[in-house]
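Okay, so here's the structure we're looking at.
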Amino acid sequence: MDFQCKTSEVVAINLHDYIEADECVDACGVDRKSVGISSNTLVDSHFTVKLCSPECYQNCPNIVDLYYNLALGEGAFLLDLCISQQANSRRSMTQIQSSGTAFGPIYAAASSMSAASPSPSPFSSLDCAPAPM
């Protein structure tokens, strides 16, 4: 099964039979049963506490890389978010104004070259989901 992001050109191929370790699922606060991913999770302080914990951040590179790229698509750096979250969790959540959409790397590169702020996205909050069969 291929997975494709609706808001970018990213396609993950050959991920079938790959299962993240239970320790990482628990440490990072992710859910095996969820389908799709949204930047809304990055503004949830309960989630970011787990994602930024040493148990997750230092031991679960697949999950951290996923959320690093998601944060980058929103114009933030995950490490900065984690540092800020540890210092003042309420303030750090305002750094990401989630639209519910994760823009792909092409959009992120284009928006960093432009001084204009990105316009709201017409896409739904279900950014990545299994590609249609």
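The working numbering applies: residue 542 is where the sequence shown begins, and numbers increase by one.
Here a beta-carbon is modelled for each residue, glycine too, at the ideal position from N, C-alpha and C.
query	result
Thinking C-alpha only, which one of 567, 618 and 560 is nearest residue 587?	567
Excluding the 5 residues flanking residue 589 on each side, which residues of the same chain have their C-beta closer than 6 Å to its C-beta?	626
Rounded to whole angstroms, what's the CA-CA distance from residue 628 to residue 563? Just pull it up for me.	29 Å
Looking at the structure shown, is residue 594 part of a helix, part of a strand, or coil, going by DSSP?	coil
Hey, how far is the Cα of residue 604 from the Cα of residue 597?	8 Å
Count the other CB atoms, across all protein chains shown, that sit within 10 Å of the CB of residue 620; report buried if there are 16 or more and exposed otherwise.	exposed
Taking the beta carbon of residue 575 as the centre, do at least 16 other beta carbons fall within 10 Å, making it buried, or is it exposed?	exposed
So, using beta-carbon positions, are residue 601 and residue 623 closer together than 8 Å?	no
What's the gap between the Cα of residue 647 and the Cα of residue 579?	Because the pLDDT at residue 647 is just 47, under 50, the model does not fix this residue reliably, and the point stays unresolved.
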